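S.K.:
Numbering (our numbering), first residue to last: 0 to 304.
(1) Need the endpoints of the alpha helix (DSSP H) that residue 230 sits in, please.
(2) How should residue 183 be labelled, buried or exposed, when 16 other C-beta atoms within 10 angstroms of its C-beta is the threshold for buried?
(3) Decide if residue 134 is buried, meaning its Cβ has at least 16 other Cβ atoms within 10 Å, or exposed.
(4) Tell me which same chain residues have a C-beta within less than 6 Å of the C-beta of residue 266, skipping the five on either side of it?
(5) Let me make sure I understand the geometry here. Which of 122, 258 and 93 has the alpha-carbon closest to that of residue 171?
(6) Hey, out of 66, 300, 275 and 304, whose CA is closest to residue 288's CA?
(7) Under a three-way DSSP split, which group does residue 65 fall into?
(8) Taking Cβ positions, are residue 111 and residue 118 nearer each other than 8 Å?
(9) Between the C-alpha atoms of residue 185 and residue 76, what's the straight-line distance to the nearest angstrom?
(10) Classify residue 1 as helix, strand or coil using the three-state DSSP reduction.
(11) For the pair the region 27-37 and the region 94-113, tell me if three or more CB-CB distances fall below 8 Å.
(12) Whose CA, out of 169, 80, 262 and 82, lies closest to the CA of residue 48?
(13) Could you give the residue range of the alpha helix (DSSP H) that holds residue 188?
(14) Between the Cα of residue 59 and the Cα atoms of 235, 208, 281 and 194, which residue gives the shortest distance?
(15) Using DSSP with H/G/I as helix, E/B as strand and the rest coil, what is residue 31?
(16) If you measure between the beta carbons of residue 128 and residue 296, is that distance less than 8 Å?
(17) Between the C-alpha atoms of residue 164 and residue 131, what's the straight-line distance to the nearest angstrom?
(18) Among the residues of its own chain, which have a CB less than 7 Å from the CB of residue 191, if the five just before and after it don't count?
(19) Measure the beta-carbon distance from residue 255 to residue 241 and round it to whole angstroms, keeping in mind my assumption that it falls under 8 Å.
(20) Please go through the same chain and pick out, in chain order, the residues whose beta-carbon is closer than 6 Å to the beta-carbon of residue 263, but skip the five residues on each side of it.
Okay, structure coming up:
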């Protein structure tokens, strides 16, 4: 462990408090290492706050709603069935808040010192922690773990505006769902939101450039999910490429090359779910000579630079 007069020296510094970062920090502390964690937003990262966990909460609400809609099949009758989507959303956020508190507790329990801000690495193994561009701490360690996660990729150079062209984060923030939306990308994120929004009454079009939806999954699974979505009213375009996207104050217009023709689509908004790019900017990595390829840090077999 590096030592200085301020007590801001550690064995390990972890930059990023998502599932990779906070778990690494806790384990390092359990192994007897003095550990610091730097997180700029919310502990738990995208997965806990704006990804895996809240979407599963919404999917559960969608499952229950869909089941009740078909309760006659079970000999149960229900009248005046309504979905209160603001409450559906509140439930998902409450689950997130509870689990974030659990992460905070685990970090305190294992004596991991947490710094709220962005971290930038210097050559002398120090990390400058800043909040709103102002330095709040300078800490140092023999070992630094970069676990800064990733963010959604844009399409056709169109920036996310949070209103018409959105990411999954905005979708998880909306208190009301749009009447219609186009989803670009039919991986796990795109398919999940297609199901959620369709179940709660939105008109959904799902676009995928590969031959099948869920292209990384088994073909049989992809076919089952495809049939289920279509049966419930989702329009799916596979082998299709978005060639133009324009957002106005009221709607989004999209042109899609389906190989058979060019279709023009409109919706209240478009969700872009075409993959992610690594958060590697402004960490000081280039100055240290760390190699970056396609927004990801190049590492060896031990995940070291």
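The C-beta atom is built at its ideal place from N, Cα and C for all residues, glycine as well. These numbers come from a predicted model, not from an experiment.
M.R.: Reading off the structure:
(1) Residues 218-230.
(2) Classification for residue 183: buried.
(3) Residue environment: residue 134 is assigned as exposed (fewer than 16 neighbouring CB atoms within 10 Å of its CB, all protein chains considered).
(4) Around residue 266: 179, 180, 181 and 251.
(5) Residue 93 is the option with its Cα nearest to residue 171.
(6) Answer by Cα proximity: 304.
(7) Residue 65: helix per DSSP, three-state reduction.
(8) Between residue 111 and residue 118, the C-beta spacing is not below 8 Å.
(9) Distance between the alpha carbons of residue 185 and residue 76: 35 Å.
(10) Any reading at residue 1 is ruled out, since the residue's pLDDT is 41, under 50, leaving its predicted position unreliable.
(11) At 8 Å Cβ cutoff, the stretches touch.
(12) Residue 48 has its Cα closest to that of 169, out of 169, 80, 262 and 82.
(13) Taken as a continuous stretch (DSSP letters only), the alpha helix (DSSP H) holding residue 188 covers 187-198.
(14) The candidate whose alpha carbon is nearest that of residue 59 is 194.
(15) Shown here, residue 31 sits in coil according to DSSP, grouped into three states, outside any helix or strand.
(16) No, the Cβ-Cβ distance between residue 128 and residue 296 is not below 8 Å.
(17) Taken atom to atom, the span from the alpha-carbon of residue 164 to that of residue 131 is near 26 Å.
(18) Only 54 and 58 meet the Cβ criterion.
(19) About 6 Å; that satisfies the 8 Å criterion.
(20) Apart from the 5 residues on each side of it in sequence, residue 263 sits with its Cβ closer than 6 Å to the Cβ of 254 in its chain, given in chain order.
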